[in-house]
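Residue numbers (the UniProt record's numbering): 1 to 437.
To keep things clear, I will list the structure first and then write my remarks on it.
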């Protein structure tokens, strides 16, 4: 998930839009939302096989359009002056386009969440009541730099019977348009309304406000971006919001951890991809093993270009480590920077996470099952790992096919948001002529 850095870059690029980006909007967001609303009625009544056919067709269209998508992405990259981590999120490669296509196929292979009977019971008067999963309707997705979010969001919405209204960042506008065209091709080839996937026509920031106030046309807003974007959406929205906040993730190495395992997990959790929301930003290590294990972990990470921000206890062991401030420990770096703190046991680790965490993902490395259970019960985050990298917090890794983002709130959905989380439900009551006395 993109974060505050994305929002800063988003605002910066808004000042340097190309003439093409500033062209008058041919259609307002309310007009697009109205079209999506009409399409959603058709999509909600479509069969699972029809929606799956659309996803397979969209995957084929992505592959066929790969040269055009990469050319569009090159335009976005040429206009970007962002840092390396931001550019990594913005960059598409043939492999990443193929991954988008495979992601749509994986979504198509998932069980259909729509129409599933979630609960069923009978009443003494003979009424039969069942709780059935249904599509939400029209979902608005506001995202920033990652172009693949458009494909993932559209795919998940199509699978779950929803129409989607996309508003990407100005920095990825050309890429987003090319991907959107492929998604509409898939719907059209499957005989479903292409209006079920809509995208903001240009980079005008008023489109965000239009989406947030489209009550009656948009049923749910999902912001995927930095803190300032998410806070703005939560503050201004007149429709329900499924928030995806920043990923300030922690890995705690307990005194009973296998040292080789801990080194492997921390290296992957931080350095596999530093710019994703599941990347570990803070290492917590038990004082009992820190003098031996911390220098080894630091050496592993430094070899791959990582820098550090350390607390006083860590600097007693390694005095050359830069000083870490309170602000550092509250920062989602999305870069090759790691906060390091030495803690005195699991309770102190939990206290640190409660103070600085963002309720995204935490991990513990330990061979002690009782401590692991205590840790997992003690954090309030949406996802908690035991002896695994925080970078496994991903819809694809969870078997969801893809994700729109990681929900860090406490209601409706938590963790990776896949097709099941994009449904609501209705109660169906079946009688045999009963009237209420």
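Glycine included, every Cβ here is placed at the ideal spot set by N, Cα and C.
Computed from a predicted model, the values in this text were never measured in an experiment.
- Contact check for residue 361 against residue 341 fails: the beta carbons are separated by 9 angstroms or more.
- Runs of the beta strand (DSSP E) lying entirely within the segment 333-416, each at least 3 residues long, are 337-343, 361-365 and 383-386 in chain order.
- Taking residue 294 as the centre and dropping the five residues before and after it, the same chain places the C-beta of 285 and 317 closer than 6 angstroms to its C-beta, in chain order.
- Fewer than three pairs of CB atoms, one per stretch, sit closer than 8 angstroms, so the segment 60-67 makes no contact with the segment 79-87.
- Looking at the backbone, the Cα of residue 306 and that of residue 138 are separated by about 42 angstroms.
- 30 is the residue among 30, 115 and 177 whose C-alpha sits nearest the C-alpha of residue 217.
- In chain order, 375, 378 and 379 place their CB closer than 8 angstroms to the CB of residue 350, counting only its own chain and leaving out the 5 sequence neighbours on each side.
- In this structure, residue 365 sits away from residue 299, with a CB-CB distance that is not shorter than 9 angstroms.
- Listed in chain order, the alpha helix (DSSP H) elements of length 4 or more contained wholly in the segment 156-238 are 173-189, 206-212 and 227-236.
- Scanning its chain for C-beta atoms nearer than 8 angstroms, with the 5 sequence neighbours on each side dropped, one finds around residue 193 the residues 38, 39, 42, 43 and 187, in chain order.
- Nearest to residue 428 by C-alpha distance, out of 53, 70, 133 and 422, is 133.
- Counting every other CB atom within 10 Å of its CB across the protein chains shown gives residue 249 a total of 16 or more, marking it as buried.
- Among the bridge pairs identified by DSSP, residue 286 is matched with 343.
- Counting only the Cα atoms, residue 423 lies some 16 angstroms from residue 130.
- If you draw a straight line from the Cα of residue 266 to the Cα of residue 258, it comes to about 12 angstroms.
- Per the coordinates, the alpha-carbon of residue 333 lies some 17 angstroms from the alpha-carbon of residue 321.
- The three-state reading of DSSP puts residue 280 in strand, counting E and B together.
- Checking the DSSP bridge columns, you'll see residue 131 partnered with 119 and 427.
- The DSSP-derived three-state label of residue 136 is coil.
- In this structure residue 221 does not touch residue 197 by the C-beta definition: roughly 16 angstroms separates them, more than the 8 angstroms allowed.
- In terms of CA proximity to residue 190, 56 leads the group 369, 56 and 363.
- Per DSSP, the unbroken alpha helix (DSSP H) holding residue 42 starts and ends at 29-44.
- Going by DSSP, residue 262 is part of the alpha helix (DSSP H) stretching over 259-271.
- In this structure residue 156 is not in contact with residue 343, their Cβ atoms being roughly 38 angstroms apart against a cut-off of 8 angstroms.
- Within the same chain, and ignoring the five residues on either side of residue 413 in sequence, the residues whose Cβ sits closer than 7 angstroms to its Cβ are 242, 407 and 421.
- Non-local beta-carbon contacts of residue 337 in its own chain, meaning distances under 6 angstroms to residues more than five positions away in sequence, involve 307 in chain order.
- Of all alpha-carbon atoms in 278, 152 and 165, the one lying nearest the alpha-carbon of residue 28 is that of 165.
- Distance from the CA atom of residue 141 to the CA atom of residue 167, rounded to whole angstroms, is 6 angstroms.
- Where residue 58 is concerned, there is no enclosing beta strand (DSSP E), although the alpha helix (DSSP H) around it starts and stops at 48-64.
- Looking from the CA of residue 244, the closest CA among 251, 252, 253 and 234 belongs to 234.
- Secondary-structure assignment with DSSP links residue 309 through a beta bridge to 339.
- For a cut-off of 8 angstroms, the C-beta gap from residue 278 to residue 390 is around 5 angstroms, short enough to register as a contact.
- Inclusion of residue 226 and residue 171 in the CB contact set at 9 angstroms is not warranted, their separation being larger than that value.
- DSSP places residue 253 inside the beta strand (DSSP E), whose first and last residues are 249-253.
- Residue 419 sits in coil when the DSSP states are folded into three classes, being neither helix nor strand.
- The residues 148, in chain order, have a CB closer than 8 angstroms to that of residue 96 in the same chain once the five nearest residues on each side in sequence are set aside.
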